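J.: For the sequence shown, the working numbering begins at 58 and goes up steadily by one.
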Amino acid sequence: MSHSTIALALHGGAGTILRETMTPELQAQYQLGLQTALDAGYAILEAGGSAIDAVAATVSSLEDCPLFNAGRGSVFNHIGEHEMDAAIMAGNNLACGAVAGIQGVRNPVQLARAVMEETEHVLLIGQGAQTFAQTQDFPLQPASYFFTQQRFDQWQQALQEGRVQLDHTEKKFGTVGAVALDIRGDLAAATSTGGMTNKQFGRVGDSPIIGAGTWAANDTCAISCTGHGELFIKAAVAHDIHCLMSYKGLSLQEASDLVVLEKLVKIGGEGGLVAVDAQGNISMPFNSDGMYRACKSSGREAQVLIYK
Ligand code: ASP
Numbered sequence: 058m059s060h061s062t063i064a065l066a067l068h069g070g071a072g073t074i075l076r077e078t079m080t081p082e083l084q085a086q087y088q089l090g091l092q093t094a095l096d097a098g099y100a101i102l103e104a105g106g107s108a109i110d111a112v113a114a115t116v117s118s119l120e121d122c123p124l125f126n127a128g129r130g131s132v133f134n135h136i137g138e139h140e141m142d143a144a145i146m147a148g149n150n151l152a153c154g155a156v157a158g159i160q161g162v163r164n165p166v167q168l169a170r171a172v173m174e175e176t177e178h179v180l181l182i183g184q185g186a187q188t189f190a191q192t193q194d195f196p197l198q199p200a201s202y203f204f205t206q207q208r209f210d211q212w213q214q215a216l217q218e219g220r221v222q223l224d225h226t227e228k229k230f231g232t233v234g235a236v237a238l239d240i241r242g243d244l245a246a247a248t249s250t251g252g253m254t255n256k257q258f259g260r261v262g263d264s265p266i267i268g269a270g271t272w273a274a275n276d277t278c279a280i281s282c283t284g285h286g287e288l289f290i291k292a293a294v295a296h297d298i299h300c301l302m303s304y305k306g307l308s309l310q311e312a313s314d315l316v317v318l319e320k321l322v323k324i325g326g327e328g329g330l331v332a333v334d335a336q337g338n339i340s341m342p343f344n345s346d347g348m349y350r351a352c353k354s355s356g357r358e359a360q361v362l363i364y365k
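(1) On the CB-based measure, 16 or more other CB atoms within 10 Å of its CB, does Glu218 come out buried or exposed?
(2) Could you pull the DSSP bridge partners for Phe343 from this structure?
(3) Sorted by chain position, which residues of the same chain lie with C-beta nearer than 7 Å to Met58's C-beta, five sequence neighbours on each side aside?
(4) When we look at the beta-carbon of Asp224 and count the other beta-carbons within 10 Å, is it buried (16 or more) or exposed?
(5) Do you know whose CA, among Phe230, Thr115, Val316 and Ser355, lies nearest Gly284's CA?
(6) My guess is that Gly72 and Gly347 are in contact by the Cβ rule of under 8 Å, so how many angstroms apart are they, rounded?
(7) Should Ile363 and Gln84 be called a contact, given that it needs their Cβ atoms to be closer than 9 Å?
(8) By alpha-carbon positions, which one of Ala332, His178, Phe195 and Ala94 ends up nearest to Cys153?
(9) Can you name, in chain order, every residue of its own chain whose Cβ lies under 8 Å from the Cβ of Pro196, other than the five neighbours on each side?
(10) Determine the DSSP secondary structure at Ser281, reduced to helix, strand or coil.
(11) Go ahead and label Thr115 buried or exposed: buried means 16 or more other beta carbons lie within 10 angstroms of its beta carbon, across all protein chains shown.
(12) CA-CA distance, Ile290 and Ile266?
(13) Quick one: grab the DSSP three-state call for Ala292.
(14) If I measure Cβ to Cβ from Leu318 and keep anything under 7 Å in the same chain, skipping five residues before and after, which residues do I get?
(15) If you measure from the CB of Cys282, is any heavy atom of the ligand ASP nearer than 8 Å?
(16) Please name the residue in Asn255, Leu244, Gln257 and Gly251 whose C-alpha comes closest to that of Val331.
(17) Per DSSP, Cys352 forms a beta bridge with which residues?
(18) Hey, would you say Thr373 sits closer than 9 Å to Asn149, going by beta carbons?
(19) If we ignore side chains and look at the alpha-carbon of each, how far apart do Asp334 and Thr277 end up?
(20) Measuring only the C-alpha atoms, how far is Leu168 from Ala190?
(21) Going by the DSSP bridge assignment, what does Cys153 pair with across the sheet?
(22) Taking the straight line between their C-alpha atoms, what separation do you get for Glu327 and Val316?
(23) Can you tell me whether Ser313 sits near the ligand ASP, meaning its C-beta is under 8 Å from at least one heavy atom of the ligand?
(24) Rounding to the nearest angstrom, what Cα-Cα distance links Ile101 and Leu216 in this structure?
(25) Do you know offhand how far Ala94's Cα is from Arg357's?
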């Protein structure tokens with residue numbers, strides 16, 4: 058099938074993003090981080106590149122930006138370390154790869170891609186994933202690379218209050234993700250996260266769980282989620298949207314709204330997602346106050362948004 062539409066959507070996390078604490082300078086920095094990532098991925102699609110390359114480039118750009126809770130700028134777990142999760146999936150053949158609980162890797166999404174391309178497995182965790190990173194010559198960064206004062210302060214506060222926190226005092230999920238449709242009609246999705254502040258050592262969220270936080274299939278959609286991971290796993294969010302489209306014939310918008318605005322709300326699952334279908338329709342629903350997000354598709358202006 059020849060195709061001419063291309064589309065890219067990304068998120069930098071959902072949650073209660075309070076206008077009162079958002080300065081114009083900080084907002085401009087977030088918008089720049091989102092725009093830079095959007096441009097990186099969209100340039101690949103415009104040049105005829107693949108959806109997989111586009112989502113990997115977009116998510117890597119967001120991982121490199123310390124404002125977002127993925128790669129550099131990841132949150133601290135209960136024992137004061139960074140443990141990161143990531144996944145990537147190709148819609149044309151359901152190829153997918155993921156890593157969980159990894160440390161020191163600058164771009165976890167690229168390690169997830171190496172799992173997809175270089176192993177016969179889907180998910181590698183902890184020490185095994187670390188060893189795999191070394192055999193693949195991934196350069197490791199010292200803990201200081203991932204350190205940000207803001208995340209450290211959040212962790213100290215969460216420790217004192219004895220709670221597990223979703224990235225921010227104001228309940229913000231800073232996970233990053235992207236979905237894309239390329240010129241050949243192939244879909245792809247990728248997600249990367251530092252997880253939740255003060256999370257238990259070894260805790261894994263929805264992001265690297267295929268079908269929960271990340272999913273892509275050419276006949277339906279590509280999805281990347283952000284929100285309270287435990288609830289997103291219970292609701293099998295990304296795969297549920299795929300099923301509603303595949304078995305029930307719902308549109309992308311109908312299916313994603315149903316899951317995010319009804320099903321998740323009923324079980325208290327705060328968050329949102331970005332999604333694209335095979336026609337290049339984009340949907341970015343969230344049930345929180347805001348979600349850092351951006352999108353662009355053929356013949357349409359780029360959008361960079363934070364609030365409703
Ligand atoms: N979903 C992520 C997790 O639970 C958190 C986030 O979206 O920021 O690990």
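Built from N, CA and C at the ideal position, the CB exists for glycine as well. Source: prediction; values computed, not measured.
T.: To lay it out plainly:
(1) With fewer than 16 Cβ atoms within 10 Å of its Cβ, Glu218 is classed as exposed.
(2) Gly329
(3) Only weak support is given to the placement of Met58: the predicted model assigns it a pLDDT of 42, under 50, and the value that follows is read from those uncertain coordinates. If we look at Met58 and ignore the five residues flanking it on each side, its Cβ neighbours are Gly242.
(4) Note on Asp224: pLDDT 49, under 50, position unreliable in the model; no value is reported.
(5) Considering only alpha carbons, the answer is Phe230.
(6) That belief holds up - the Cβ atoms of Gly72 and Gly347 are roughly 7 Å apart, short of 8 Å.
(7) yes
(8) Nearest to Cys153 by alpha-carbon distance, out of Ala332, His178, Phe195 and Ala94, is His178.
(9) Within the same chain, Arg163 come within 8 Å of Pro196 by CB-CB distance, once the 5 residues on both sides are set aside.
(10) strand
(11) buried
(12) Computed Cα separation, rounded: 8 Å.
(13) coil
(14) Pro342 and Asn344
(15) Cys282: yes, Cβ under 8 Å from the ligand ASP.
(16) Considering only alpha carbons, the answer is Leu244.
(17) Partner(s): Ala66 and Gln360.
(18) Any property of residue 373 remains undetermined from this structure, which presents the chain solely from 58 to 365.
(19) 6 Å
(20) 7 Å
(21) Bridge partners of Cys153: Met146.
(22) 11 Å
(23) no
(24) 42 Å
(25) Our two residues, Ala94 and Arg357, have alpha carbons roughly 17 Å apart in a direct line.
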